[in-house]
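Number of protein chains: 2
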Amino acid sequence: MQILKSSKCFGGEVRFYEHDSLITKTKMRFSVFLPLQANPPVSCMLWLSGLTCTEENFIIKAGAQKYLADKNIMLLCPDTSPRGLTLPYEHESDDFGSGASFYLSASTPGYKDHYDMYNYINNELYNLIKTEFISSNAKISICGHSMGGHGALVIGLKNPYKYYKISAFAPIVNPSQCPWGQKAFNGYLGNDKEEWKIWDATELMKSGFCHPQPIIIEQGLSDPFLEKQLLTENFAKVCEDYGQTLQVNYHEGYDHSYWFIASFIEWHI
Amino acid sequence: MQILKSSKCFGGEVRFYEHDSLITKTKMRFSVFLPLQANPPVSCMLWLSGLTCTEENFIIKAGAQKYLADKNIMLLCPDTSPRGLTLPYEHESDDFGSGASFYLSASTPGYKDHYDMYNYINNELYNLIKTEFISSNAKISICGHSMGGHGALVIGLKNPYKYYKISAFAPIVNPSQCPWGQKAFNGYLGNDKEEWKIWDATELMKSGFCHPQPIIIEQGLSDPFLEKQLLTENFAKVCEDYGQTLQVNYHEGYDHSYWFIASFIEWHI
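Protein chains in written order, with my numbering: chain A, 1 to 269; chain B, 270 to 538.
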């Protein structure tokens, strides 16, 4: 695990790392913010970014470090997919392949050998956070934006006792019912729609998956993707039907951008 | 003046504009943050960015909007040079030409027709802020980073009653004595070193230019450019010699990056 660069920030340190992943069989990058208090961080915010993002977007644009420093919480932001591969269709669009892993375990030829971001995040990175950065009793929460919000919901619901809290900004909550999700699931999982269900937060809830803590979603009402891609209400309905506590905070006038995330990250943290 | 995009942010709005500049004779871009309170902004923070930057860097990376919103201060960030030209050597390096205007009025062939960022900022943009964004009694302060810190010091010292306060992060304070400044001044002004002096904050101070308010400088002590390019102590010395109140805040361990700027922008505002 190699530190590519680091800078002092809000009394702590922002660092960019690269390591060889056993799961994706590629080099992977992630960024961290370490409050560098006298004691190890009391918890970790594991942030999954959206389509086209890298390990840089959230840590540069969200302005979270001040609030994390105040509370002695570390941040870790993985990249959004393996890099440096040349799989079929991997580099042809913004919503599939590179930068668009959807945080699942792919089963299609080529992709199944590398695009296992689910196990990369949930096992390899999770264990690395526990062994390298925080003490054994510190908590890890999972959150994300858009495709990363989908990732946070799915990974968190499948592993409720590994993640203290699940939260998201503008998540894709029901990917099997929206164009982004359908394209990605076809490419990563094939056309067996039963297999799709274990990677869809709304479907997981219907199958009995839930989380002991309230799930928090922030959603802008001027988000151009709300109606066709995010489908927030589908998740709200199954949470109500299946008894999962969910708090959706709708924000008048806010869109899908990091300007929206920055505006509410303090409250969210 | 055309709005290219806008997003709600901290209850106000971030906007990116493009307009035809009479001074640079090119299209120019700038970004603004408007707190959108009930009343027009009480003041404007005019921010000049450093080498290689555009109108985007500060507004995306510094995390200033929250504090500006709280105080009803607007922000305006111009681009760092004219764009879309093909002047000699304009696109060959990071420290001259495109993205590296040094905020002066060039006098060399080709550059003198377009690279008059001094008058673009100090007249065209200044008047546009006054007429489009703030009320007549609102104040404009000028600040910047690195090359933009140099710009803020020079423009502010030459026009002390137009700018309420001058401040800077890691400014180039004595460009005629450092490699970045010498290269730029040779290219924009030619080799008459007397002409260089009117674009050098340390030399301006020696010629009697000053500002009625204290000048504030934030400077990281792990900044790799401190010793060879920024020369902070040269400016501190002339301020002391000529009676200009100056507050230099040195910060242990901080470098030249936006991680440093973000860490101290709240205090600075």
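Here a beta-carbon is modelled for each residue, glycine too, at the ideal position from N, C-alpha and C.
Between residue i and chain A, is the shortest Cβ-Cβ distance under 8 Å, so that the two count as touching?
i: residue 363 of chain B; result: no
i: residue 272 of chain B; result: no
i: residue 329 of chain B; result: yes
i: residue 215 of chain B; result: Residue coverage of chain B in this structure runs from 270 to 538, which leaves residue 215 of chain B outside it and unanswerable.
i: residue 536 of chain B; result: no
i: residue 442 of chain B; result: no
i: residue 283 of chain B; result: yes
Which residues in chain A have a C-beta closer than 7 Å to the C-beta of residue i? List them in chain order.
i: residue 532 of chain B; result: 9, 10
i: residue 523 of chain B; result: 8
i: residue 526 of chain B; result: 7
Under the DSSP definition of a beta bridge, which residues are partnered with residue i?
i: residue 15 of chain A; result: A:6, A:32
i: residue 366 of chain B; result: B:369
i: residue 27 of chain A; result: A:20
i: residue 468 of chain B; result: None, per the DSSP bridge assignment.
i: residue 346 of chain B; result: B:300
i: residue 374 of chain B; result: B:385
i: residue 485 of chain B; result: B:436, B:516
Please decide whether residue i counts as near chain B, where near means a Cβ-Cβ distance under 8 Å.
i: residue 63 of chain A; result: yes
i: residue 154 of chain A; result: no
Name, please, each residue of chain B whose Cβ falls closer than 8 Å to the Cβ of residue i.
i: residue 32 of chain A; result: What residue 32 of chain A touches in chain B: nothing, since even the nearest Cβ is about 13 Å away.
Taking 8 Å as the CB-CB limit, is residue i close to chain E?
i: residue 178 of chain A; result: Although the question refers to chain E, the structure presented lacks it and instead comprises the protein chains A and B.
Less than 8 Å between the CB atoms is what I'm expecting for residue i and residue j, so what's the real figure, rounded?
i: residue 400 of chain B; j: residue 442 of chain B; result: 32 Å between Cβ atoms; not a contact.
i: residue 333 of chain B; j: residue 304 of chain B; result: The Cβ separation is near 11 Å, so there is no contact.
i: residue 73 of chain A; j: residue 45 of chain A; result: 6 Å
i: residue 464 of chain B; j: residue 376 of chain B; result: 7 Å
i: residue 33 of chain A; j: residue 75 of chain A; result: 4 Å
i: residue 157 of chain A; j: residue 211 of chain A; result: 6 Å
i: residue 349 of chain B; j: residue 368 of chain B; result: 5 Å
i: residue 524 of chain B; j: residue 8 of chain A; result: 7 Å
i: residue 311 of chain B; j: residue 407 of chain B; result: 6 Å
i: residue 551 of chain B; j: residue 319 of chain B; result: Since the first residue of chain B shown is 270 and the last is 538, residue 551 of chain B is not available in this structure.
i: residue 167 of chain A; j: residue 134 of chain A; result: Residue 167 of chain A to residue 134 of chain A, Cβ: 19 Å. No contact.
i: residue 492 of chain B; j: residue 500 of chain B; result: Not confirmed; about 12 Å, so no contact.
Is residue i near the ligand FAD - that is, is its Cβ less than 7 Å away from at least one heavy atom of it?
i: residue 47 of chain A; result: Absence of the ligand FAD is noted for the structure shown, with no ligands found whatsoever.
Could you tell me which uninterrupted beta strand (DSSP E) segments, each at least 3 residues in length, are contained entirely in the region 409 to 463 of chain B, listed from first to last along the chain?
Counting only runs of 3 or more, we get 435 to 438.
Which runs of the alpha helix (DSSP H) spanning at least 4 residues fall entirely within the region 488 to 535 of chain B, listed in chain order?
If you keep only unbroken alpha helix (DSSP H) runs of at least 4 residues inside the region 488 to 535 of chain B, you get 501 to 511.
Runs of beta strand (DSSP E) wholly within the region 309 to 345 of chain B (minimum 3 residues, chain order)
Those beta strand (DSSP E) runs which fall completely within the region 309 to 345 of chain B and span 3+ residues are 312 to 317.
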